[in-house]
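Throughout the sequence shown, residue numbering follows my numbering, covering 1146 to 1328 in sequence.
For every residue, glycine included, the Cβ atom is placed at its ideal position computed from N, Cα and C.
First comes the structure, then the notes that go with it.
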Amino acid sequence: MTRRLHGARVAATTARVPDDGAPTGGEPVARRIATADRVSRDELLAFLRPRHHAVLLTRRRSGAPQLSPVTCGVDDSGCLVVSTYPDRAKAVNVRRDAQVSACVMSDDFDGPWVQVDGTAEVIDPPASVEPLVEYYRNIAGEHPDWAEYRQAMLDQGKSLIRLHIESWGPVATGGFPARLADG
């Protein structure tokens, strides 16, 4: 038996789960089936906009990957954006090698995610201030004092990484392969 649960397909298995969480056999328990849904650019952006947790992949000078957990947003032009400082490894790496990837995840760690790939740029102050306003607005809404926010971004010397999304994988969820769902 297969059905939908919170957007993911699940199949029943025969296991009983007592209060301590250990399966003992007998009653059906939902077994989630992994999904991988290809999406259009518009569907991708709709998926990304409410999600603000990502792991950004840049390349070190040696070519080895540099992974950074980040808070991200989508700007009005459809780029993935990350606030940073000019001397952080991710910013230094992007200046040297603009090919960047990000794995954008749901708030629920076990929720859907997607990998996006593209070319990134680092925008430094003072040019970064208005893009940082857009970044904040698109993630958190209106700030109570935009003049104060703008000055804080200048005082802190904040930069913005803008990832121009060129390709993306499917929106995916973890779980069992469909062939094992009924087994």
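- Within the segment 1177–1204, the runs of beta strand (DSSP E) that reach at least 3 residues and sit entirely inside it are, in chain order, 1180–1182 and 1198–1204.
- Distance check between His1198 and each of Lys1235, Met1250, Glu1188 and Ile1268 places Met1250 closest, using alpha-carbon atoms only.
- Excluding five sequence positions before and after Thr1216, the CB atoms of its chain that fall closer than 6 Å to its own CB belong to His1197, given in chain order.
- If one requires a minimum length of 3 residues, the beta strand (DSSP E) runs lying completely within the segment 1221–1280 are 1225–1229, 1244–1250 and 1258–1268, in chain order.
- By the CB criterion at 8 Å, Pro1257 and Ala1326 fall outside the cutoff.
- If you draw a 10 Å sphere on the C-beta of Phe1254, you find fewer than 16 other C-beta atoms in it, and that means exposed.
- When Cβ pairs closer than 8 Å are counted between the two stretches, the segment 1306–1317 is seen to touch the segment 1223–1236, the count reaching three or more.
- A check of alpha carbon separations from Asp1242 across Asp1232, Arg1233, Thr1264 and Ala1181 identifies Thr1264 as the nearest.
- Around the Cβ of Gly1286, a 10 Å sphere holds fewer than 16 other Cβ atoms; the residue is exposed.
- In the three-state reduction of the DSSP assignment, Glu1287 falls in the coil class.
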